[in-house]
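As you go down the protein sequences, you meet chains W and X in turn. Just so you know, the first sequence maps onto residues 1 to 517 in UniProt numbering. Just so you know, the second sequence maps onto residues 1 to 521 in UniProt numbering.
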Amino acid sequence: MTSPTIEYGLIAPLLVLLGGAVCAVLVEALVPRTRRFGVQFGLAVIAQLIALTLVCAGWSVTPGVAVMGGLSIDGPTRIVWSLLLVFGLGATLLYGERRVSGGTSAFAAQAHTVPGSRAEHEAIAARQENTEVFVLLELSLFGMLVFPAANDLLTMFVALEILSLPLYVMCSLARRRRLLSQEAALKYFLLGAMSSALFLFGAALLYGFSGSFQFADIDAGITLGIESQTLLMAGLALTSIGVLFKIGAVPFHSWVPDVYTGAPTPVTAFMAVCTKLAAFGGLLRLLFVALGGARWDWQLVLAVIAVLTMVFGAVVGLAQNDVKRLLAYSSIAHAGFILVAVVGAMAGDALGEGLTGSVSGVMFYLAGYGLATMGAFAVLTMVRRSGGEATGFDAWAGLGRREPVLGAIMTLFLLSMAGIPLTGGFVGKLVAFVAGWQGGYAWLVVVAIVMSLVTAGFYFRLVKIMYFDEPDASVDVVKAGTPTWVVIIVGAVGTLVLGLAPGSVLDLFTSAAGFLR
Amino acid sequence: MTFPWLTLVGLLPIAGSIIVLALRGRGGRTAAMLFALAELVCGLAIVPMDPADLAEQHSWIGAIGAWYALDADGMTKLLVALTVILVPIVLLAEWHVGDAHAARGPADGKGRPVEKDGVLPPRWSTETFMALALLLEGFTLYVFMASDLLLFYIFFEATLIPMYFLIAGWGGTGRTGAALKFLLYSLLGGLVLLLGVIGMYVLSASDGAPSLLTADLTGLPMATGTERWLFVAFFIAFAIKAPMVPVHTWLPDTAEQARPGASSLLVATLDKIGTFGMIRFCLAFFPQASSWATPFVLTLAVISIFYGAIMAIGAKNLLRLVAFTSVSHFGFMVLGIFAFTTTSLTGSIFYMLGHGFSAAAMFLVVGFLADRRGSALVADFGGAQKLVPVLAGVFLVSGLATLGLPGLANFAGEYLIMSGAWSRHLVFVAVAVIATVLAAVYIMLAYQRVFTGPVSEASQTHMTHDLSGRERAVIAPLIVLMLFFGLVPGPALDMVAPTAQQAMVHVSASDPEPSVSNGGK
Chain W
1 MTSPTIEYGL IAPLLVLLGG AVCAVLVEAL VPRTRRFGVQ FGLAVIAQLI ALTLVCAGWS
61 VTPGVAVMGG LSIDGPTRIV WSLLLVFGLG ATLLYGERRV SGGTSAFAAQ AHTVPGSRAE
121 HEAIAARQEN TEVFVLLELS LFGMLVFPAA NDLLTMFVAL EILSLPLYVM CSLARRRRLL
181 SQEAALKYFL LGAMSSALFL FGAALLYGFS GSFQFADIDA GITLGIESQT LLMAGLALTS
241 IGVLFKIGAV PFHSWVPDVY TGAPTPVTAF MAVCTKLAAF GGLLRLLFVA LGGARWDWQL
301 VLAVIAVLTM VFGAVVGLAQ NDVKRLLAYS SIAHAGFILV AVVGAMAGDA LGEGLTGSVS
361 GVMFYLAGYG LATMGAFAVL TMVRRSGGEA TGFDAWAGLG RREPVLGAIM TLFLLSMAGI
421 PLTGGFVGKL VAFVAGWQGG YAWLVVVAIV MSLVTAGFYF RLVKIMYFDE PDASVDVVKA
481 GTPTWVVIIV GAVGTLVLGL APGSVLDLFT SAAGFLR
Chain X
1 MTFPWLTLVG LLPIAGSIIV LALRGRGGRT AAMLFALAEL VCGLAIVPMD PADLAEQHSW
61 IGAIGAWYAL DADGMTKLLV ALTVILVPIV LLAEWHVGDA HAARGPADGK GRPVEKDGVL
121 PPRWSTETFM ALALLLEGFT LYVFMASDLL LFYIFFEATL IPMYFLIAGW GGTGRTGAAL
181 KFLLYSLLGG LVLLLGVIGM YVLSASDGAP SLLTADLTGL PMATGTERWL FVAFFIAFAI
241 KAPMVPVHTW LPDTAEQARP GASSLLVATL DKIGTFGMIR FCLAFFPQAS SWATPFVLTL
301 AVISIFYGAI MAIGAKNLLR LVAFTSVSHF GFMVLGIFAF TTTSLTGSIF YMLGHGFSAA
361 AMFLVVGFLA DRRGSALVAD FGGAQKLVPV LAGVFLVSGL ATLGLPGLAN FAGEYLIMSG
421 AWSRHLVFVA VAVIATVLAA VYIMLAYQRV FTGPVSEASQ THMTHDLSGR ERAVIAPLIV
481 LMLFFGLVPG PALDMVAPTA QQAMVHVSAS DPEPSVSNGG K
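Here's what the structure looks like:
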């Protein structure tokens, strides 16, 4: 019996991040509480920066399968890793922001203190803060990094659990409106556990079909034409449902609005961007690598799901009067738009010379979406009424005139989400829809375009409110610290760069779009 | 490498707009005017230059074959000239548009401006108006100069943003709703066009190396069905832009609510993108589908001509009247384009210029009237000629230009369109000719009701002063230009003729043989 081999070079970013998380646990135990928040914050940022540097440095290293076939470190993995670490850093900065809520973070320090009460002030003065969120963030991010890199169903399942469990906890930690937050966490946990169970069941059925958890073996089983189509179809459906749940695709979306609204805003930003990134990365690998041979079976079903997702997100979004809920529904609609590119299934052999294809379409869209969404949530944390975030549309009235710079940046984010040219969101829509059309789903692109118009309706409604309605005097736009501004500025600049000069990023994504089988 | 003139022409007003905003009111108007005048010089400077020297091409998004590519043929130069001439005129006309804003008019409990005597105070300052106008100018010029489909599309959509704010910030009481209607119609057109752009890219990619250069997309082989669908997508987008019946309804509403200066820019320059796009893209990319759709398009064009004219006769509001005349005139342009003769195409392109001047003049003159009276309703005037003779005179000249009187700018275009189309589509032209009579009716009727007859009490109260020096400076250049292009259309026609011939080559149409009547033997 040979000892297992581990390719430390290939998986170094994972190890650094996990090491960071372990150190963070020790910090929790050993560092005095007055200095704990700063140390945890710094440690999280540094660990992610090192991991990001390692990913960037590793771009040129030949792709390979690592850890006895458990992980596949190829182009798409590296794209997702880079994006995840960039947006993970953004979320970390929002976690570490204390100035917007009057000297404390967005998380409840102790379950029994009432927000704004004297007991809480004393707790803050004594620096009894919640610092475990950074550990949870790092662990969750570690799961997200493993998920799209997983090369077999079991690794994928374990990664799914690692990324989910800390998220459930983080959702419940809001300092204000705790009941909503806890309700959100419970809802997310119950539905999430259900979807994990379905995924696991599907994985078992696929094992029954091919006799292996390895993606390459499942693919071989399909190509060879193993008789048992029932096992394949059921396994395909159940594993896909597990991932589609994380994406927030209709009809597996029902948790999204409540959880996004109830969770602390930094956590919402983290979920909206990073969870979606990891889930789409995993979905692409599952469908293209393991189940690519059964493409004709899943394409049409997925197209129907894409239509449902786009229509639901766009139409129900029209009726929202709360910015946070609006962003939740918009994230559902975006999931539908991205699915258009997935349905196209333009990857590998189907991809001709000079085409961008599904993988780079999905990833570019997610990059543009992530920049705008994270920036928008960062702006959201600054609009407050008597200390708490004011997310109702009425509170946002006249924001663009009271705060010209912030208003202009928020408008830029909304325009990007609406897919107006000169922003990253437009180029993302373009490449994603092109991939769908090339895959033979022109009708799906037509639906997507119509729904883009509908979503533009609600984004412009918010723009109108920000510029044409008179300000509400009870609402403050509080001063934010450096971390929030870094997120906002990077989001704005990135949105413009992706809109004006997307060439190099798109080239990079396209050149790295090949899966290692 | 030669000097990038076109980039300069495109970026100068955009830079100007940012600088005017950054000045925050200190000398912003003067700065805006200086930028508009500098742009006028640059824009006119490229007119005599050789297109080959002007063309620019740099790789932009390599992965999808998109280029930062600009060029300027005769039609582009004509539209660039029109745009750069109109912007300083409009800025001068709206020199005081935001003054009431500075005074901070009446407000409700929440500080929102409220109506007083049927007037809603402006939302922002004059400087903001000018900055947005300059931004719109830059985007519009990029639309005309782009020779890459994606670059064209990006600026096509980007023009909506400054235009939306221009409509919604200043003007009548219903301006916010009008702006939203404009935005939704335009976004619909823009997204339909996006479908077309994606389709063209996919076709270009499946034909080999993808490239979105207009030149590379011209003559792309495609199946008949695909070609027709793509044609429809492009055509709908351009028909909304150059408002054609039945997707014109946003224009009268917008014109009624927006400031006349904003309407001038909208109708005279921005809407030309529609007819420009039909020539530049529909004919070049989809020649067979263009021929296939001709009967349908011509029918719509004639309906637009007629419907616009009739609605103009019935319009109770002078601003709506001008908007409906434009619907009618855009119908003429489309008729000329889809008649597929060199003469009618040349006429259409020239008509874009003439209509730009006459529509802008009409809007601005009506604006002068409305500013005095506080209303643009025909019924609120009467006998004004005796009180404001010069204003009446310029209204009459602009009106005569609008109805296509020989010697003024629109005549040559209208004549060429109809004489060119005559040989091919006799019936359509015969119907369209009747509309020129209707044009005389709507202009003269409006003139009669507003300016002649006994002096009404309202006119007596409000029409106290004739055109000021500034207003004369606004309208004089427009009248001079209308006269000039009415009397000397030759150079401009020569400039655009190559574009028309090129379009004829694209649709592989040939002009009908001239035939001589044999005297009934």
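Using N, Cα and C, we set each Cβ at its ideal position, and we do this for glycine too.
So which residues on chain W does residue i lean against when the C-beta distance must stay under 9 Å?
i	result
Y447(X)	In chain order: nothing, as chain W lies at least about 37 Å away.
L183(X)	A456, F460
So is residue i buried or exposed if we call it buried at 16+ other beta carbons inside 10 Å?
i	result
I475(X)	buried
residue 528(W)	In this structure chain W extends from 1 to 517, so residue 528(W) is not present and cannot be described.
T83(X)	buried
A15(X)	exposed
M68(W)	exposed
W296(W)	exposed
S511(W)	exposed
R373(X)	buried
G111(X)	With a pLDDT of 47 at G111(X), under the threshold of 50, the modelled position of that residue is not reliable, and the figure given next carries that caveat. With fewer than 16 other Cβ atoms within 10 Å, it is exposed.
T104(W)	buried
S101(W)	buried
E97(W)	buried
A146(X)	buried
I489(W)	exposed
G109(X)	Any answer about G109(X) is weak, because its pLDDT of 45 lies below 50 and its placement is not dependable; what the coordinates show is given next. Answer is exposed; the Cβ neighbour count stays below 16.
S358(W)	buried
F3(X)	exposed
K316(X)	exposed
Residues of chain X with CB under 7 Å from residue i, in chain order?
i	result
L516(W)	Those do not exist, as L516(W) stays about 21 Å from chain X at its closest Cβ, beyond 7 Å.
S452(W)	L191
V359(W)	Those do not exist, as V359(W) stays about 13 Å from chain X at its closest Cβ, beyond 7 Å.
V446(W)	L195
Determine, using beta carbons only, whether residue i comes closer than 7 Å to chain X.
i	result
L380(W)	no
P502(W)	yes
F337(W)	no
I222(W)	no
I465(W)	no
I449(W)	yes
T356(W)	yes
Identify the contact partners of residue i in chain W, using a Cβ-Cβ distance below 7 Å as the criterion.
i	result
E157(X)	I420, P421
V202(X)	V434, W437, Q438
For residue i and chain C, any beta-carbon pair shorter than 7 Å?
i	result
T455(W)	Protein chains in the displayed structure are W and X, and chain C is not among them.
Would you say residue i reaches chain W, if we count a Cβ-Cβ gap shorter than 7 Å as a contact?
i	result
L188(X)	yes
L194(X)	yes
I154(X)	yes
T126(X)	no
Which partner residues does residue i have in the DSSP bridge list?
i	result
S59(X)	W67(X)
G392(W)	D322(W)
G64(W)	I73(W)
Q385(X)	DSSP lists no partner for Q385(X).
For a contact meaning CB atoms closer than 8 Å, what does residue i contact in chain X?
i	result
T510(W)	A63
T495(W)	Per Cβ cutoff of 8 Å: no residues; T495(W) is ~14 Å from chain X at best.
F468(W)	R123, A168, T176
May I ask whether a heavy atom of the ligand HEM can be found less than 6 Å away from the beta carbon of residue i?
i	result
G392(W)	The ligand HEM is not among the ligands present in this structure, which contains no ligands whatsoever.
Name, please, each residue of chain X whose Cβ falls closer than 9 Å to the Cβ of residue i.
i	result
D507(W)	I61, G62, A63
Mind pulling the chain W residues with CB within less than 8 Å of residue i?
i	result
G199(X)	W437, A442
- prompt: For the segment 75-123 of chain W, which segments carrying the beta strand (DSSP E) assignment without a break, of at least 3 residues, lie completely within its bounds, in sequence order?
  reply: none
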